[in-house]
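In the numbering used here, the protein residues as written are 3 to 230.
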Amino acid sequence: MNPLLAVGVGFLLGSIPFALLLGLARGVDIRTIGSKNPGATNLGRALGLRWFLLCFALDAAKGFVPTFLFGLLAGLIGAPTIEPTDSLVWLGVMACPVLGHMFSPWIGFRGGKGVATGLGAMLGVYPMLTIPAFGALVVFAATLGLWRYVSLASVLAASSLPLWVWYFFSLLRKGVPADSALQPPESWPYLLVTLLLAGLVIFKHRSNLLRIASGTEPRVGGSADNGS
Numbered sequence: 003m004n005p006l007l008a009v010g011v012g013f014l015l016g017s018i019p020f021a022l023l024l025g026l027a028r029g030v031d032i033r034t035i036g037s038k039n040p041g042a043t044n045l046g047r048a049l050g051l052r053w054f055l056l057c058f059a060l061d062a063a064k065g066f067v068p069t070f071l072f073g074l075l076a077g078l079i080g081a082p083t084i085e086p087t088d089s090l091v092w093l094g095v096m097a098c099p100v101l102g103h104m105f106s107p108w109i110g111f112r113g114g115k116g117v118a119t120g121l122g123a124m125l126g127v128y129p130m131l132t133i134p135a136f137g138a139l140v141v142f143a144a145t146l147g148l149w150r151y152v153s154l155a156s157v158l159a160a161s162s163l164p165l166w167v168w169y170f171f172s173l174l175r176k177g178v179p180a181d182s183a184l185q186p187p188e189s190w191p192y193l194l195v196t197l198l199l200a201g202l203v204i205f206k207h208r209s210n211l212l213r214i215a216s217g218t219e220p221r222v223g224g225s226a227d228n229g230s
């Protein structure tokens, strides 16, 4: 599969504003209510849990599908070893739906905060980012359970990703002789890209973090939630 085609398709898929479209289908413009953010959490706050779950699944799918398909067609899915250049190309394809979601050209280069789409995209990089993505989900669930801030849970989960990547690759290398022809992929492309994506997620949540610091960020179960 042509990488440039995959990049374009990934960005365009990612740019589909499902939260906005689902809201408009129900007669609600989520850009004018709640946090005004065109994301799954604001949609769920306006229309209910089932709409949040539907939107979250769609947002995750638009990250997973182009990433996984490119890896499959390029012969990278489950490959015992991958060259760093191939890893970078695959990760570039993975990042495009996330960027499309965050900066959708259809709504003035605004968008959601990349959590669901990023999760789906990482699940598509099997297995190098699939396992770390599940680790980040554990961090998300634990943080949400303790403090009930979707925004804080998203930021801490994203921040933990490079650590999960490092840990996963350290496990991959255990028991593989240094002179073996089948060496695990180099970890640095995956560390680099997850660091950049974590930075983007934190940047998109900067207003939420300021509200947490000032004590004005609502929690899950409160009257509002601006976390996603």
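Here a beta-carbon is modelled for each residue, glycine too, at the ideal position from N, C-alpha and C.
DSSP state of residue i mapped onto helix, strand, coil
| i | result |
| --- | --- |
| residue 17 | coil |
| residue 112 | strand |
| residue 208 | helix |
| residue 132 | helix |
| residue 2 | Outside the shown range of the chain, which is 3 to 230, sits residue 2, and nothing can be said about it. |
| residue 179 | coil |
| residue 217 | coil |
| residue 122 | helix |
| residue 223 | coil |
Boundaries of the alpha helix (DSSP H) in which residue i is found, first to last residue
| i | result |
| --- | --- |
| residue 173 | 152-175 |
| residue 4 | Taken as a continuous stretch (DSSP letters only), residue 4 belongs to no alpha helix (DSSP H), as it is neither H nor E. |
Residue i versus residue j - alpha carbon distance
| i | j | result |
| --- | --- | --- |
| residue 88 | residue 28 | 43 angstroms |
| residue 33 | residue 50 | 16 angstroms |
| residue 141 | residue 11 | 31 angstroms |
| residue 74 | residue 83 | 14 angstroms |
| residue 228 | residue 39 | In this prediction, residue 228 scores a pLDDT of 45, lower than 50, which makes its location untrustworthy; no coordinate-derived value is stated. |
| residue 194 | residue 26 | 37 angstroms |
| residue 203 | residue 17 | 16 angstroms |
| residue 120 | residue 31 | 24 angstroms |
C-beta contact flag for residue i and residue j at 8 angstroms
| i | j | result |
| --- | --- | --- |
| residue 156 | residue 117 | yes |
| residue 71 | residue 191 | no |
| residue 151 | residue 85 | no |
| residue 214 | residue 154 | yes |
| residue 206 | residue 96 | no |
| residue 19 | residue 126 | no |
| residue 158 | residue 13 | no |
Contained beta strand (DSSP E) runs [length at least 3] in the region 74-107, N- to C-terminal order:
Segments of the beta strand (DSSP E) lying fully in the region 74-107: there are none.
Extract the residue ranges of the alpha helix (DSSP H) inside the region 22-51, only unbroken runs of 4 or more that lie entirely within it.
DSSP runs (the alpha helix (DSSP H)) wholly in the region 22-51: 42-49.
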